[in-house]
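I have placed the structure first, in the form of structure tokens, so that the comments after it can refer back to it.
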Amino acid sequence: DAKTTQPPSMDCAEGRAANLPCNHSTISGNEYVYWYRQIHSQGPQYIIHGLKNNETNEMASLIITEDRKSSTLILPHATLRDTAVYYCIVTSGGSNYKLTFGKGTLLTVNP
Amino acid sequence: DVKVTQSSRYLVKRTGEKVFLECVQDMDHENMFWYRQDPGLGLRLIYFSYDVKMKEKGDIPEGYSVSREKKERFSLILESASTNQTSMYLCASSLPYQGTENTEAFFGQGTRLTVV
Chain A
74 DAKTTQPPSM
84 DCAEGRAANL
94 PCNHSTISGN
104 EYVYWYRQIH
114 SQGPQYIIHG
124 LKNNETNEMA
134 SLIITEDRKS
144 STLILPHATL
154 RDTAVYYCIV
164 TSGGSNYKLT
174 FGKGTLLTVN
184 P
Chain B
39 DVKVTQSSRY
49 LVKRTGEKVF
59 LECVQDMDHE
69 NMFWYRQDPG
79 LGLRLIYFSY
89 DVKMKEKGDI
99 PEGYSVSREK
109 KERFSLILES
119 ASTNQTSMYL
129 CASSLPYQGT
139 ENTEAFFGQG
149 TRLTVV
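Protein sequence lines correspond, in order, to chains A and B.
Going by my numbering, the first residue of the first sequence is number 74, and it counts up by one from there.
Going by my numbering, the first residue of the second sequence is number 39, and it counts up by one from there.
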């Protein structure tokens, strides 16, 4: 699975959009980009995933560059409850795929 | 509601003890995973299993073993607990890769293990 690089921490003002970047320059054609977040003292929670097209759901939007070497998770109106560690993962699946997390980005939403 | 349940939220064991961490999922998932989480190191994969009795090593398998006798249950075993195995342990499960289908992983709440 491709390795990902994320900034260790970011800040965002409440009510503003939070844009979290992820580099995955070694991604291959059949690998998906998944985003999870982990709020303090809880297990990680799935947010969104995509292959090459931009995706949107009720939680967030995922923008993947045309060359697929990087992506951005967008929380359109961040709230204090969005303060968490956000993980970007790349995986090709398969029947026995590994799901490998890195250190993620600690997003702090400030009032 | 889908559920991944870990048997204990907090556990204290002595050095040298054999420790079992249990994880049960009710979603009929083929894949199950064990991670440990330490400050500054993120989530690290210990072992995963893609079917009953099947297992593969993750990134840090040393000092651990696993057992998957039934589809819904995945156990992590510390054969002889050591203080450097003090950590938060997280279990997860997911469906196998199915092309464009979402194969998100569902996590348990974690077991905070302290080895003294």
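Even glycine gets a Cβ: it sits at the ideal position worked out from N, Cα and C.
All figures in this text were calculated on a predicted structure; none of them were measured in a lab.
Asked                                                                                                                    : Found
Contacting residues, own chain, Cβ-Cβ under 6 Å from residue 159 (chain A) (five flanking each side not counted)         : 93, 110, 177, 178 and 180
Beta carbon proximity, residue 102 (chain A) to chain B, threshold 7 Å                                                   : no
Cβ of residue 145 (chain B) within 7 Å of any chain A Cβ                                                                 : yes
Beta carbon of residue 75 (chain B) nearer than 7 Å to that of residue 129 (chain B)                                     : no
Proximity test, Cβ basis, 7 Å: residue 117 (chain A) and chain B                                                         : yes
Closest by C-alpha distance to residue 130 (chain A), when choosing among A:146, A:115, A:172 and A:116                  : A:146
Listed by chain order, chain A residues near residue 96 (chain B) by CB distance under 7 Å                               : 171
Amino acids of chain B, ordered along the chain, whose beta-carbon sits closer than 8 Å to that of residue 122 (chain A) : 140 and 142
Nearest to residue 68 (chain B) (by Cα), restricted to the options B:51, B:88 and B:62                                   : B:88
Cβ neighbour criterion (16 or more within 10 Å) applied to residue 81 (chain A)                                          : exposed
Distance CB(residue 41 (chain B))-CB(residue 64 (chain B)) smaller than 7 Å                                              : yes
Buried or exposed (CB count within 10 angstroms, at least 16 for buried), residue 150 (chain A)                          : exposed
Short CB-CB distance (under 7 Å) between residue 112 (chain B) and chain A                                               : no
Residue-level contact to chain A via CB, residue 99 (chain B), 7 Å cutoff                                                : no
Backbone CA spacing between residue 133 (chain A) and residue 98 (chain A) [nearest angstrom]                            : 22 Å
Straight-line Cα distance separating residue 134 (chain B) from residue 141 (chain B)                                    : 7 Å
Proximity winner among B:79, B:122, B:96 and B:77, relative to residue 71 (chain B) (alpha-carbon distances)             : B:96
Per-residue contacts from residue 176 (chain A) into chain B (C-beta, under 8 Å)                                         : 78, 79 and 80
Residue 113 (chain A) - partner residues in DSSP beta bridges                                                            : Partner(s): none; residue 113 (chain A) has no beta bridge.
Backbone secondary structure at residue 155 (chain A) - three-state DSSP                                                 : helix
Inter-residue Cα distance where the pair is residue 168 (chain A) and residue 113 (chain A)                              : Low per-residue confidence applies at residue 168 (chain A): pLDDT is 48, beneath 50, and the placement is therefore not dependable, though the value from the model is reported in the following sentence. Cα to Cα, residue 168 (chain A) sits roughly 31 Å from residue 113 (chain A).
Distance, residue 162 (chain A) Cα to residue 107 (chain B) Cα                                                           : 29 Å
Below-7 Å beta-carbon distance, residue 151 (chain B) vs any chain A residue                                             : no
Neighbourhood of residue 95 (chain A) by C-beta, 6 Å cutoff - its chain only, sequence neighbours within 5 removed       : 77, 79, 144 and 161
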